[in-house]
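Enquirer: Sharing a structure with you now.
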Amino acid sequence: MSNIISYDERIKNFDWSISEKELDYQPGNVINIGWYCSDRICKLGKADKMALIWEGSQGQEKRYTYNELRLTSNGVGHFLRGLGIQPEDRVCLFMDKIPELYIGFLGVLKIGAIVQPLFSAFGDESLIVRLENAQTTAVITQRKHAPKLRKILDKMPYIKHIIIVDADPAKPLGDREVAFDMDHAFKPEDFEIHPTKAESPSVLHYTSGTTGQPKGVKHVHYSLISQYLTSKWVLDLLDTDIYWCTADPGWVTGTSYGIIGAFSNGVTQCVLDAGFSADNWYRFIEKHKITMWYSAPTAIRSLMKAGDEVIKKYDLSSLRHLASVGEPLNSEAVIWSEKVYGKAFLDTYWQTETGSIMITNFPGMKIKPGSMGKPFPGITATVIDADTFEPFDGPGKIGLIAIKPGWPSMMRTYWRNEETYNKKFKNGWYLPGDRSSIDNEGYFWFVGRDDDVINTGGHLVSPFEVESALLEHPAVAESAVVAKPDFVNMEVVKAFVTLKPGFVGSKDLDLEIMNFVRKKLSPLAMPQEIEFIDNLPKTRSGKIMRRILHAKEWGEEIGDTSTLEND
Ligand code: WTA
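Take the sequence shown: its letters are residues 579 to 1145, numbered as in the numbering used here.
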């Protein structure tokens, strides 16, 4: 069984009303993602079906049926309302991949509040800029992450509540803290879900740009229309599937497809809240008989590195369909996956701002290893000239990816940053900020980003944020941060640093600075390499030229250096 109908058939007469009809949604109706992901599935007769199977790092397991998902998220909504949380207030989820994160997500949406997921490995600096921009009212977190919030609480007067899902009853709670045990809380059978409409805000995800602070990408409840259908057609979710999306809901894949797409399609999904190891991943697939696996190129390359022998120890025959997102999926990885799993990982391309898959390899479509595939039905995408913003008249030319605005899950703005949002549009096109070419059969071939953002292991890191953090270290005078090539992560963060007088570069200082950034920002943003240099290349006006340093790392031509000060 499969949802596969040929790509050409799907694209013929496509209209988003196909998704609206399947979801029994009429334009103008109430649409609440929390309801669609739990109550509706129960109404469809699947109340006792397993919704979530969770496994922790110690092998502990928790299971929730769709009815339990419904009731427990009702409980979250009830509790938040009791605290006085209002529709459109921002409620941050700052947790590991524990069940409370998934259920909390639906509960926040059920009361019409805006859910703001933040990656649990974020340090205080990363947290503060995102919470400040969103002016978050409440944070739902775990006891182990609460100290990071306590440290910055003084600077965040708008945070009224820190809700701890696993508080230790023997220990006193801190300022503004409140304990809330989701599993054992009151769970109303009848809960009045806030009547959100298509354009009511739903999710606020933060994403990093080259310059300035991270941007809050505002999504609305109507995004469901895209997320439901792309999950069904691209991830090919079926009622019988056991689905595993390896992404963390701190990032968009983990919410659009790790929560909304999965639950609105009523599948059983598994979550593994443990660090990566090939043995552990294969064991997980074997144990739960995973059928659909959505992962990322870095994970696939790590599995490739672990070798083919380890695969033979496990029965992976349940796997039916595999897909990947987040960074370029190199052709070797596609070919290798077909060889060892009997199925190729299908590449899908999209971003936080697009909310759902834009360009993709569609099940049943001819795969060209190394290509991202073709636009999803309903998506008009092309490649345009970076100077004229006009589409090219023939195939093969490299330009900017450009998408016609208007699909349901398109971001509605950058939170309190309309100016940057407006800059994302040129000549009637939305520009994701990536470069690609299109071949004569309409397949897109990713070339690279059109900015300095570093994509490390599928996570975007802003060089600006890392440079700012570096400058706070007492030894650092100036810094420039660029991507450095890496086999597994594609790119890692590298920092060039000039030191203040009296400091000398050493291995110890190197480690100290790395740790300093890790604690402030996150392990992802931590430079994997620091190079101490005497002078950074600058323009005559004093702007640091990352381009020169980047080109050196990648062995590329440096290009025009006529404006350089230090050459
Ligand atoms: C990159 C993740 C090549 C791209 C869903 C994009 C990709 C950014 C692919 C978005 C792909 C994502 N091939 N590059 N299949 N998918 N990217 O916002 O640069 O965390 O703009 O969303 O990742 O990253 P984000």
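C-beta: ideal position from N, C-alpha, C; glycine also.
Predicted, not measured: the structure shown is a model, and the values here were computed from it.
Is Phe1022 helix, strand or coil when you go by DSSP?
Expert: Translated into positions along the sequence shown, residue 1022 becomes position 444. Of the three classes helix, strand and coil, the one that applies to Phe1022 here is strand, per DSSP.
Enquirer: Does ligand 1 have even one heavy atom less than 8 Å from the beta-carbon of Gly839?
Expert: Translated into the one-based positions of the sequence shown, residue 839 becomes position 261. It does not: the Cβ of Gly839 is nowhere closer than 8 Å to a heavy atom of ligand 1.
Enquirer: Could you give the residue range of the alpha helix (DSSP H) that holds Phe940?
Expert: The sequence position of residue 940 within the sequence shown is 362, counting from 1. Note, Phe940: premise wrong, no alpha helix (DSSP H); not H, not E.
Enquirer: Helix, strand or coil for Asn995 per DSSP?
Expert: Taking the first residue of the sequence shown as 1, we reach residue 995 at position 417. Looking at Asn995 - three-state DSSP - the assignment turns out to be coil, as it is neither helix nor strand.
Enquirer: Around the C-beta of Asn610, are 16 or more other C-beta atoms found within 10 angstroms, so that it is buried, or is it exposed?
Expert: If you number the sequence shown from 1, residue 610 lands on position 32. By the neighbour-count rule (16 or more Cβ atoms within 10 Å), Asn610 is buried.
Enquirer: Cys848 bridges to which residues according to DSSP?
Expert: One-based indexing of the sequence shown puts residue 848 at position 270. DSSP lists Ile631, Trp822 as partners of Cys848.
Enquirer: Closest by CA to Ala745, which one among Trp859, Ile718, Lys1002?
Expert: Locating residue 745 in the sequence shown gives position 167, counting from the first residue. The option with the nearest alpha carbon to Ala745 is Ile718.
Enquirer: For Ala627, which residues in the same chain have their Cβ closer than 8 Å to its Cβ, ignoring the five residues on either side in sequence?
Expert: On the sequence shown, position 49 is the one that residue 627 refers to. For clarity, residue 627 is Lys in the given sequence; the question names Ala instead. Ile619, Thr643, Tyr644, Gly844, Thr846, listed in sequence order.
Enquirer: Mapping DSSP to helix, strand and coil, what is Phe1110?
Expert: By one-based count along the sequence shown, residue 1110 stands at place 532. Strand at Phe1110.
Enquirer: Using C-beta distances below 8 Å, list every residue in its chain close to His797, excluding the 5 sequence neighbours before and after it, in chain order.
Expert: Against the sequence shown, residue 797 aligns to sequence position 219. Cβ neighbours of His797 beyond the five flanking positions: Pro779, Ser780, Val781, Leu782, His783, Gly933, Ser987, Met989, Arg990.
Enquirer: Answer yes or no: the CB of Trp613 versus the heavy atoms of ligand 1, is any distance below 8 Å?
Expert: Looking up residue 613 in the sequence shown gives position 35. Taking the Cβ of Trp613 as the reference point, every heavy atom of ligand 1 lies at 8 Å or farther away.
Enquirer: Excluding five sequence neighbours on each side, which residues of the same chain lie with their C-beta closer than 6 Å to the C-beta of Phe1081?
Expert: In the sequence shown, the residue the question calls residue 1081 occupies position 503. Here the set comprises Ala1053.
Enquirer: I'd like the list of long-range same chain contacts for His1128, defined as Cβ closer than 6 Å, with 5 residues on each side in sequence excluded.
Expert: Within the sequence shown, numbered from 1, the residue matching residue 1128 stands at position 550. Excluding sequence neighbours, His1128 sits near Val1060.
Enquirer: Can you tell me the Cβ-Cβ gap for Gly828 and Pro695, rounded? I've got them flagged as a contact below 8 Å.
Expert: To locate residue 828, count along the sequence shown from 1; it is residue 250. To locate residue 695, count along the sequence shown from 1; it is residue 117. Rounded, the Cβ-Cβ distance is 5 Å, consistent with contact.
Enquirer: Using DSSP bridges, identify the partner residues of Thr788.
Expert: Position 210 of the sequence shown, counting from 1, holds the residue named residue 788. Beta-bridge partners of Thr788 (DSSP): none assigned.
Enquirer: I'd like to check one pair, Glu1107 with Lys1072: are the Cβ atoms closer than 9 Å?
Expert: Here residue 1072 is taken as the residue at index 494 of the sequence shown, counted from 1. Here residue 1107 is taken as the residue at index 529 of the sequence shown, counted from 1. Cβ atoms of Lys1072 and Glu1107: closer than 9 Å.
Enquirer: Can Asn1033 be considered in contact with ligand 1, in the sense that its beta carbon sits closer than 8 Å to one or more heavy atoms?
Expert: For this step, residue 1033 is matched to residue 455 along the sequence shown. Yes, since a heavy atom of ligand 1 falls inside the 8 Å radius drawn around the Cβ of Asn1033.
Enquirer: Can you give the Cα-Cα distance for Gly690 and Glu864, rounded to whole angstroms?
Expert: Indexing the sequence shown from 1 puts residue 690 at position 112. Indexing the sequence shown from 1 puts residue 864 at position 286. If you take the alpha carbons of Gly690 and Glu864, they lie about 39 Å apart.
Enquirer: Answer with buried or exposed for Asp753, where buried requires no fewer than 16 other C-beta atoms within 10 angstroms of its C-beta.
Expert: The residue labelled residue 753 in the question sits at position 175 within the sequence shown. Flag for Asp753 reads exposed.
Enquirer: Measuring only from the beta carbon, is Met950 closer than 8 Å to any heavy atom that is part of ligand 1?
Expert: For the purposes of this step, residue 950 is taken as residue 372 along the sequence shown, with counting starting at 1. Yes - ligand 1 has a heavy atom lying nearer than 8 Å to the Cβ of Met950.
Enquirer: Give me the Cα-Cα distance between Leu727 and Met882, rounded to the nearest whole angstrom.
Expert: Taking the first residue of the sequence shown as 1, we reach residue 727 at position 149. Taking the first residue of the sequence shown as 1, we reach residue 882 at position 304. Rounded to the nearest angstrom, the two C-alpha atoms are 38 Å apart.
Enquirer: Check the C-beta distance from Trp993 over to Gly794 and give it rounded, since I have them as a contact under 8 Å.
Expert: Position 415 of the sequence shown holds residue 993. Position 216 of the sequence shown holds residue 794. Between Gly794 and Trp993 the Cβ distance is about 3 Å, and since that is below 8 Å, they are a contact.
Enquirer: Please classify Asp586 as buried or exposed, where buried requires at least 16 other C-beta atoms within 10 Å of its C-beta.
Expert: In the sequence shown, counting from the first residue as 1, residue 586 sits at position 8. Classification of Asp586: exposed, given that the 10 Å Cβ count is below 16.
Enquirer: Just verifying my parser: in three-state terms, what is the DSSP assignment at Lys865?
Expert: Residue numbering aside, residue 865 sits at position 287 when the sequence shown is read from its first letter. It is helical.
Enquirer: In terms of residues, what are the limits of the alpha helix (DSSP H) holding Asn645?
Expert: Taking the first residue of the sequence shown as 1, we reach residue 645 at position 67. From DSSP, the alpha helix (DSSP H) with Asn645 extends over 644-661.
Enquirer: Where do the N-terminal and C-terminal ends of the alpha helix (DSSP H) with Trp871 fall, by residue?
Expert: Here residue 871 corresponds to residue number 293 of the sequence shown, with the count starting at 1. Element bounds for Trp871: not the alpha helix (DSSP H) but the beta strand (DSSP E), 870-873.
Enquirer: Tell whether a beta-carbon distance below 9 Å holds between Thr926 and Met943.
Expert: Residue mapping note: residue 926 aligns to position 348 of the sequence shown, counting from 1. Residue mapping note: residue 943 aligns to position 365 of the sequence shown, counting from 1. For Thr926 and Met943, no; Cβs fall outside 9 Å.
Enquirer: Per DSSP, Gln694 forms a beta bridge with which residues?
Expert: Here residue 694 refers to the residue found at position 116 when the sequence shown is read from its first residue. Cys670.
Enquirer: Please specify which runs of the beta strand (DSSP E), each continuous and at least 3 residues long, are wholly inside the stretch 887-969, giving them in chain order.
Expert: Correct list: 899-903, 923-927, 959-962.
Enquirer: Are the beta-carbon atoms belonging to Tyr860 and Trp822 less than 9 Å from one another?
Expert: If you number the sequence shown from 1, residue 860 lands on position 282. If you number the sequence shown from 1, residue 822 lands on position 244. No. Outside cutoff.
Enquirer: Taking the Cβ atom as the reference point for each residue, do Ile979 and Thr966 lie within a distance shorter than 9 Å?
Expert: As a first step, residue 979 must be located in the sequence shown, where it is residue number 401. As a first step, residue 966 must be located in the sequence shown, where it is residue number 388. No. Outside cutoff.
Enquirer: Suppose the cutoff is 7 Å on Cβ atoms and the five residues either side in sequence are ignored; what does the same chain contact list for Gln929 look like?
Expert: Position 351 of the sequence shown, counting from 1, holds the residue named residue 929. Result list for Gln929: Pro1010, in chain order.
Enquirer: Return the chain-ordered list of same chain residues with a C-beta closer than 8 Å to the C-beta of Asn1093, the five sequence neighbours on each side being excluded.
Expert: The residue given as residue 1093 occupies position 515 in the sequence shown. Contacts found: Met1104.
Enquirer: Below 8 Å, how does it come out for the stretch 765-772 and the stretch 646-666: are there three or more Cβ pairs, yes or no?
Expert: yes
Enquirer: Restricting to Cα atoms, I'd like to know which of Gly701, Gly984, Phe970, Gly634 is closest to Ile1016.
Expert: Translated into positions along the sequence shown, residue 1016 becomes position 438. Per the Cα distances, Phe970.
Enquirer: Between which two residues does the alpha helix (DSSP H) harbouring Pro677 extend?
Expert: Here residue 677 is taken as the residue at index 99 of the sequence shown, counted from 1. Per DSSP, Pro677 belongs to the alpha helix (DSSP H) from 677-688.
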